[in-house]
Amino acid sequence: MIPMSFILAAQAAPEVIDRIPSGYNHFVIPFCVGIVFFLIWITVGCIRILLNIPHSDRLRFWKSLVSPVTIYKNLRDLFCDCLFHVKIWKRKPLLGYMHSAIAFGWFMLILLGHIEVALFVPKRLGISRSALFYPIFYRFFVWMNPGHTTLRGWVFFFLMDFFLLYVLSGIALAVFKRFRSLALGMKHTTKPSLADRVALYSLWLIFPMRLLAESFTADLSGGSFLTIPVNHLWHLIFGDKLWIMPSWWCYSICLGLFFAVMPFSRYMHILTEVLWILLRNAGIKPNHPRKGVAEAEIYACSSCGLCLDACPMNVQKKNLKYSSVYFIRFLRRHNERKINDIADKCLMCDKCHALCPVGVDAPALRRAQRATVNESIAYDYSYLGSAVPVHTATEGNAPEVMYFAGCMSHLTPRIIKSVEKVFNAAGVSYVFADEGGGICCGRPLMLAGRNDAAAKTIAANKKMIEESGCRTLVLSCPICFKIFKEEYGLKGVNVVHYTQYFNELIASGRLKPSMGRERLVYHDPCELGRGCNVYYEPRAALSQLATLVKASKEYDESLCCGGSLGSLTLDTRDRAKISETAVSSLMVNNPDKIVTACPLCLKTFSESVANSTHQVSPVRVVDFAEAISESIGN
Amino acid sequence: MVDFGFGLVPSSRINLDLFDKQKYEELASVEPDVRKCMSCGSCTAVCTAGNFVTTSLREAIESIHNGQPGKALEMLGSCQLCGKCAMVCPRGINTRHLILSINKIYGKI
Ligand code: SF4
Ligand code: SF4
Ligand code: SF4
Ligand code: SF4
Numbered sequence: 022m023i024p025m026s027f028i029l030a031a032q033a034a035p036e037v038i039d040r041i042p043s044g045y046n047h048f049v050i051p052f053c054v055g056i057v058f059f060l061i062w063i064t065v066g067c068i069r070i071l072l073n074i075p076h077s078d079r080l081r082f083w084k085s086l087v088s089p090v091t092i093y094k095n096l097r098d099l100f101c102d103c104l105f106h107v108k109i110w111k112r113k114p115l116l117g118y119m120h121s122a123i124a125f126g127w128f129m130l131i132l133l134g135h136i137e138v139a140l141f142v143p144k145r146l147g148i149s150r151s152a153l154f155y156p157i158f159y160r161f162f163v164w165m166n167p168g169h170t171t172l173r174g175w176v177f178f179f180l181m182d183f184f185l186l187y188v189l190s191g192i193a194l195a196v197f198k199r200f201r202s203l204a205l206g207m208k209h210t211t212k213p214s215l216a217d218r219v220a221l222y223s224l225w226l227i228f229p230m231r232l233l234a235e236s237f238t239a240d241l242s243g244g245s246f247l248t249i250p251v252n253h254l255w256h257l258i259f260g261d262k263l264w265i266m267p268s269w270w271c272y273s274i275c276l277g278l279f280f281a282v283m284p285f286s287r288y289m290h291i292l293t294e295v296l297w298i299l300l301r302n303a304g305i306k307p308n309h310p311r312k313g314v315a316e317a318e319i320y321a322c323s324s325c326g327l328c329l330d331a332c333p334m335n336v337q338k339k340n341l342k343y344s345s346v347y348f349i350r351f352l353r354r355h356n357e358r359k360i361n362d363i364a365d366k367c368l369m370c371d372k373c374h375a376l377c378p379v380g381v382d383a384p385a386l387r388r389a390q391r392a393t394v395n396e397s398i399a400y401d402y403s404y405l406g407s408a409v410p411v412h413t414a415t416e417g418n419a420p421e422v423m424y425f426a427g428c429m430s431h432l433t434p435r436i437i438k439s440v441e442k443v444f445n446a447a448g449v450s451y452v453f454a455d456e457g458g459g460i461c462c463g464r465p466l467m468l469a470g471r472n473d474a475a476a477k478t479i480a481a482n483k484k485m486i487e488e489s490g491c492r493t494l495v496l497s498c499p500i501c502f503k504i505f506k507e508e509y510g511l512k513g514v515n516v517v518h519y520t521q522y523f524n525e526l527i528a529s530g531r532l533k534p535s536m537g538r539e540r541l542v543y544h545d546p547c548e549l550g551r552g553c554n555v556y557y558e559p560r561a562a563l564s565q566l567a568t569l570v571k572a573s574k575e576y577d578e579s580l581c582c583g584g585s586l587g588s589l590t591l592d593t594r595d596r597a598k599i600s601e602t603a604v605s606s607l608m609v610n611n612p613d614k615i616v617t618a619c620p621l622c623l624k625t626f627s628e629s630v631a632n633s634t635h636q637v638s639p640v641r642v643v644d645f646a647e648a649i650s651e652s653i654g655n
Numbered sequence: 423m424v425d426f427g428f429g430l431v432p433s434s435r436i437n438l439d440l441f442d443k444q445k446y447e448e449l450a451s452v453e454p455d456v457r458k459c460m461s462c463g464s465c466t467a468v469c470t471a472g473n474f475v476t477t478s479l480r481e482a483i484e485s486i487h488n489g490q491p492g493k494a495l496e497m498l499g500s501c502q503l504c505g506k507c508a509m510v511c512p513r514g515i516n517t518r519h520l521i522l523s524i525n526k527i528y529g530k531i
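Line by line, the protein sequences are chains A and B.
Taking the numbering used here, I'd label the letters of the first sequence as residues 22 to 655.
Taking the numbering used here, I'd label the letters of the second sequence as residues 423 to 531.
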């Protein structure tokens with residue numbers, strides 16, 4: 022029988038009692054040493070990166086931190102990318118679960134731990150000697166009044182155990198994955214360094230140690246469905262002599278060790294990623310392949326290797342070494358020769374960027390690298406001014422549309438013919454900007470890292486467009502489209518790709534294509550799809566005139582045709598291999614025609630199809646404009 | 423001399439004294455495609471810049487053989503790297519990289 026007076030006393034006492042009034046025990050030292058070192062390291066690192074970016078970018082960064090739009094974007098990305106790892110979930114669910122269990126679970130444990138302290142022993146938070154470690158080792162320092170546990174307390178007990186179990190399940194998966202791949206003799210892309218290994222093993226140990234420590238103290242400081250039963254188990258095994266102190270020491274040592282080696286291990290990406298997301302969302306672009314923003318970017322790469330599978334060059338094993346993961350590794354190691362080799366090889370198809378779970382824009386870093394070498398090449402563009410055609414409109418009678426075909430379309434005049442036919446059929450008044458040959462849009466120069474030279478052609482073209490008075494600029498080349506949209510800064514001019522424009526003509530009834538019985542497959546050109554996010558319009562338009570079938574890789578996973586101007590050093594044979602793969606991806610559902618919306622893809626695919634020997638009747642490759650113009654009759 | 427109505431164009435005059443073999447080998451090592459050129463002139467026929475000024479990859483390559491790298495650089499100074507020449511070259515030469523490499527190797531003093 023419990024005496025009545027005791028129950029009364031217990032109920033009057035607070036729910037949580039400071040078991041150790043000093044709020045300190047020697048076992049916290051390893052953790053404190055580790056975390057202090059780690060915090061100093063990242064603070065210095067952040068300051069260095071911020072000092073290394075140009076003043077205007079820095080200003081932009083501070084502003085972005087208070088602008089509601091970027092705050093929303095930051096929160097969304099931090100949750101989706103850093104905590105839930107949504108992108109990995111989408112590709113490999115089990116791997117996604119593993120990452121999010123460890124990241125999100127741990128985050129919740131830290132957060133809930135702090136909330137618990139704030140609610141039950143608020144004096145330990147804020148500026149106090151114990152603020153650093155108290156919330157982490159909260160359960161050690163308190164005694165739960167068993168006669169007086171409120172619902173609130175129980176909820177916390179439950180949540181803490183729940184998230185601990187969640188993290189443990191992630192760790193178990195990680196351990197399993199590692200040993201299974203070792204047992205199966207799978208090759209890792211990277212041989213872990215010593216720091217990697219120490220960090221990995223201490224990370225694995227942290228949570229089992231936490232379970233041990235908390236379960237040993239569970240009858241003093243409370244627990245829930247996980248820690249209480251385990252506590253009973255210990256009592257069964259060890260009787261009343263529980264190893265409380267050793268277990269808390271171990272827990273603290275594991276934590277301390279992990280934080281101390283983290284800066285030297287690949288796990289640093291967990292935190293660098295946060296900084297990188299903030300910088301990225303502030304819209305700051307790297308202007309050097311390694312310094313400033315780029316530093317945050319290259320250290321945010323987790324070496325996960327997803328970009329290896331993504332890269333179209335890797336249809337040939339020998340090209341694996343040109344993948345982004347290696348590019349970034351050599352940037353970190355300052356290996357100039359290899360950096361340049363890799364930077365020049367890439368097709369700039371942007372697929373690795375689109376699929377990277379951390380959003381590392383390796384193609385942009387490559388462009389920055391190319392600029393360090395090619396920017397200084399001398400050029401003489403004094404002729405540009407007189408080379409650009411003049412289309413001056415008298416007030417009020419400017420044509421509806423200006424059509425700019427671009428260099429490449431001039432080599433495939435069927436595109437131009439078809440575009441003009443569609444314009445005429447829809448009754449669009451237009452002016453053909455570069456009918457007699459214009460100058461280049463500047464994108465190929467930019468891709469080669471010659472931004473200064475590109476700026477000159479941009480300025481000359483811009484002047485021409487602005488003087489024409491046209492309010493809509495239609496491009497038939499995605500390479501032109503991307504740069505006109507992003508770099509020209511054409512105020513009051515609607516820059517559209519012809520897939521978008523024709524789709525609008527169809528939607529508004531100005532163009533009436535007739536439905537045929539053909540089966541088409543649509544190829545997403547890199548610069549249009551991943552480059553400008555135009556996936557919907559070409560498909561919407563084509564579905565009005567034929568049945569669309571799927572390719573094995575499409576939308577943001579679409580494969581580069583191999584003809585890309587992005588690569589500086591890839592030779593014809595390697596390109597042909599890439600084209601072959603892209604064509605077979607398009608052919609999986611046996612379409613009658615391959616439709617693309619880029620003159621370069623058109624040429625590359627046409628050649629590849631013509632060269633292939635295994636097909637009885639080669640599939641026809643047509644341009645989007647051709648497909649539309651064929652469907653509107655004569 | 424009798425005027426036959428045609429003559430040797432300067433570009434076909436080979437000057438072995440001026441030809442810098444070492445530099446040429448350096449070029450050929452970074453862009454071996456330079457050896458493939460057969461002077462067909464397709465690149466020049468479609469050249470975007472060549473529409474307005476004398477830009478000619480064919481002539482640039484020949485100038486290098488003739489020991490006139492300065493002329494080659496001049497020929498390519500107006501190039502916009504648009505890539506049309508790469509699309510038409512019957513020998514599949516990586517023209518853009520060749521142009522960049524000529525600039526880099528012969529451009530340095
Ligand atoms: S660049 Fe992105 S996809 Fe590639 S290894 Fe790094 S994190 Fe992974
Ligand atoms: S941009 Fe494309 S070609 Fe270049 S590394 Fe990424 S996936 Fe490979
Ligand atoms: S890349 Fe240069 S040389 Fe070749 S077609 Fe274009 S402007 Fe002419
Ligand atoms: S098109 Fe090719 S082979 Fe012909 S001249 Fe030009 S570079 Fe030489």
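Even for Gly, the Cβ is constructed at its ideal location relative to N, Cα and C.
- The beta carbon of T64/A lies closer than 8 angstroms to none in the same chain, with the five residues before and after it left out.
- I504/A sits close to G463/A, with the two beta carbons spaced by under 8 angstroms.
- Annotation: the region 426–468 of chain A contains the following complete segments of the alpha helix (DSSP H) (minimum length 4 residues), in chain order: 427–430, 434–447, 464–468.
- In this structure, C511/B keeps its C-beta atom at 8 angstroms or more from the C-beta atom of S478/B.
- A straight line joining the alpha-carbon of K338/A with that of R287/A spans about 25 angstroms.
- When Cβ-Cβ separations below 8 angstroms define contact, T517/B makes no contact with chain A.
- Within a 10 Å sphere around the beta-carbon of A392/A sit 16 or more other beta-carbons, which makes this residue buried.
- The beta carbons of C619/A and I599/A sit about 15 angstroms from each other, so the pair does not count as a contact at 8 angstroms.
- Close to chain B, meaning a Cβ-Cβ distance shorter than 7 angstroms, are the following residues of the region 611–640 of chain A: K624.
- Within chain B, not a single residue places a beta-carbon under 7 angstroms from that of A476/A; the smallest gap is close to 12 angstroms.
- Secondary-structure assignment with DSSP links W164/A through a beta bridge to I38/A.
- Relative to the non-hydrogen atoms of ligand 4, the Cβ of T517/B comes within a distance shorter than 7 angstroms of at least one.
- If you keep only unbroken beta strand (DSSP E) runs of at least 3 residues inside the region 204–269 of chain A, you get nothing at all.
- The DSSP-derived three-state label of H518/A is strand.
- In the structure shown, the three-state DSSP call for T568/A is strand.
- Contact residues of the region 484–506 of chain B toward chain A are L495, E496, L498, G499, S500, C501, Q502, L503, C504, G505, K506 (C-beta to C-beta distance below 9 angstroms).
- Within chain B, the residues placing a beta-carbon under 9 angstroms from that of M429/A are C504, G505, K506, M509, ordered along the chain.
- For L541/A, the uninterrupted beta strand (DSSP E) segment begins and ends at 540–543.
- Taking 8 angstroms as the upper bound on Cβ-Cβ separation, chain B lies near residues V394, N395, I398, A399 of the region 384–399 of chain A.
- Listed along chain B is no residue with a C-beta nearer than 7 angstroms to that of D362/A; the closest approach is about 10 angstroms.
- With a 10 Å radius around the Cβ and a threshold of 16 neighbouring Cβ atoms, A399/A comes out exposed.
- Identification of chain A residues near L522/B by a Cβ-Cβ cut-off of 8 angstroms yields N395, I398, A469, L589, ordered along the chain.
- If you check the C-beta of M283/A against ligand 4, you find no heavy atom less than 7 angstroms away.
- The residue among R301/A, W164/A, I363/A with its C-alpha nearest the C-alpha of P42/A is W164/A.
- Sorting S273/A, D371/A, S397/A, P51/A by C-alpha distance to the C-alpha of R231/A places S273/A at the top.
- Note on H76/A: under 16 other CB atoms within 10 angstroms of its CB, so exposed under the neighbour-count rule.
- The region 282–300 of chain A and the region 312–326 of chain A touch, with three or more beta-carbon pairs separated by less than 8 angstroms.
- Using beta-carbon distances, K458/B does not count as an interface residue toward chain A, since no partner is under 8 angstroms.
- Per DSSP, reduced to three states, the secondary structure at R513/B is coil, with no helix or strand assignment.
- Here H253/A is exposed: its Cβ has fewer than 16 other Cβ atoms, across all protein chains shown, within 10 Å.
- Per DSSP, R301/A is one residue of the alpha helix (DSSP H) stretching across 290–302.
- In the structure shown, T617/A falls within a strand segment according to DSSP collapsed to helix, strand and coil.
- For T466/B, the enclosing alpha helix (DSSP H) has its first and last residue at 464–468.
- Between ligand 1 and S478/B, a heavy atom-to-CB distance of less than 7 angstroms is absent.
- Distance between E578/A and G406/A, taken at the CA atoms: about 40 angstroms.
- When secondary structure is reduced to three states using DSSP, R150/A falls in the coil class, being assigned neither helix nor strand.
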